[in-house]
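Only one structure is covered here, and it is reproduced in the block below.
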Amino acid sequence: MDEMKYDMCGSGVVLGAMRAISLLKPKMNVVGIVPSTENMSGDKAYRPGDILTAYNGKTIEVLNTDAEGRLILADALAYASKHYDPEYILDFATLTGAVVVALGHVASGIMGTDPKLISYIQKSSSVTGEKVWEFPLWDEYLEQVKSKIADVKNLGSPGQAGTIAGGAFLKEFVKDEIPWCHFDIAGSAWGDKKLSYQNPGSATGEIIRLVLDFLKV
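Under our numbering, the final residue of the sequence shown carries the number 614; numbering is consecutive throughout.
Written as structure tokens, this is what we have:
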């Protein structure tokens, strides 16, 4: 429980990148959005089986209340899609424990809708040394987050491709015409005590440098 502060590392990437952008002043418009809420039990807490309505009007079946971060991130993606007409969207989240199982603390998992955008991110990764690994968003995975009683559910198939299921869920909240990439930084955002080049046992700040190289600021 004491390590759950690292659940906020996605917001840290956004704030760190926006701080650097404000100092470097690139000739482009960059919008940073941080959805935040208190994660607390109580009589107003949501429950397994609840149906929620997202910002874009899609309904979500709640199967696991611990898959909560993707719910507020979904609203942020829908909000950005509607109000900013972006050239592309990047999102960052310590979304799944499954990505730590797959990649450890060494790399971030990425997935998205535009091969060109993904290739640019991979090039920036090779420059900054912040490793990324692309996961597929095949139709079979997209089907796993469909719900029988709502538009989508906040979990995929039990025990299967949890990291991809998180990305498949988020894809539902980005307009199809907007290139988008999701970064699951649950492993890379928290330093492995055995990796000296990270901040051992604490927040790493990984991906901020990749974002800045990607923007070529």
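In this text, a Cβ means the ideal position worked out from N, Cα and C, and glycines have one as well. Computed from a prediction, not measured in an experiment: that's the story for all the values here.
| Check | Outcome |
| --- | --- |
| Report the residue ranges of all beta strand (DSSP E) runs contained in full by the segment 527-592; include only those spanning at least 3 residues, in chain order. | 529-531 and 577-581 |
| Among the candidates Gly602, Ile546, Gly494 and Lys590, whose CA atom is the shortest distance from the CA of Ile457? | Ile546 |
| Measuring alpha carbon to alpha carbon, tell me which of Gly501, Arg444, Ala451 and Ala477 ends up nearest Asp548. | Ala451 |
| Going by the CB atoms, is the gap between Ala477 and Ile430 shorter than 8 Å? | yes |
| Should the segment 469-487 be called in touch with the segment 526-537, which here means at least 3 C-beta pairs below 8 Å? | no |
| Let me confirm a value: Asp581 is counted as buried when at least 16 other C-beta atoms fall within 10 Å, else exposed. Which label applies? | buried |
| Identify, in the order they occur along the chain, each residue of the same chain with its Cβ nearer than 7 Å to the Cβ of Ala583, setting aside the five sequence neighbours on each side. | Thr491, Leu492, Thr493, Gly494, Val496 and Val497 |
| Under 8 Å Cβ to Cβ from Arg444, same chain only, skipping five residues before and after it: list those, please. | Val459 and Thr462 |
| What span of residues does the beta strand (DSSP E) with Gly506 cover, start to end? | Ser505 to Gly509 |
| Within the chosen definition, does the segment 599-610 reach the segment 413-429 through at least 3 CB pairs nearer than 8 Å? | yes |
| What does a CB cutoff of less than 7 Å around Gly407 pick up in its chain, not counting 5 residues either side in sequence? | Phe489, Ala490, Thr491 and Ile582 |
| Go through its chain and collect everything with a Cβ distance to Ala517's Cβ below 8 Å, but skip five positions before and after it. | Position check: residue 517 holds Tyr in this sequence, whereas Ala was assumed. Excluding positions up to five away in sequence, the list reads Phe611. |
| Suppose contacts are defined by Cβ-Cβ distances below 8 Å. Is Gly564 in contact with His502 by that definition? | no |
| CB Cys566 to CB Asn453, shorter than 8 Å? | Before going on, a small fix: residue 566 reads as Phe here, not Cys. Cβ distance not < 8 Å, so Phe566 and Asn453 don't count as in contact. |
| If you measure between the beta carbons of Gly602 and Gly413, is that distance less than 8 Å? | yes |
| In this structure, does DSSP put Ile457 in helix, strand or coil? | strand |
| Of the choices Lys424, Gln595, Ala586 and Gly526, whose alpha-carbon is the least far from that of Met401? | Ala586 |
| Where DSSP assigns a beta bridge to Ile448, which residues make up the other side? | Glu458 |
| Determine which residues share a DSSP beta bridge with Leu487 and list them. | Cys578 |
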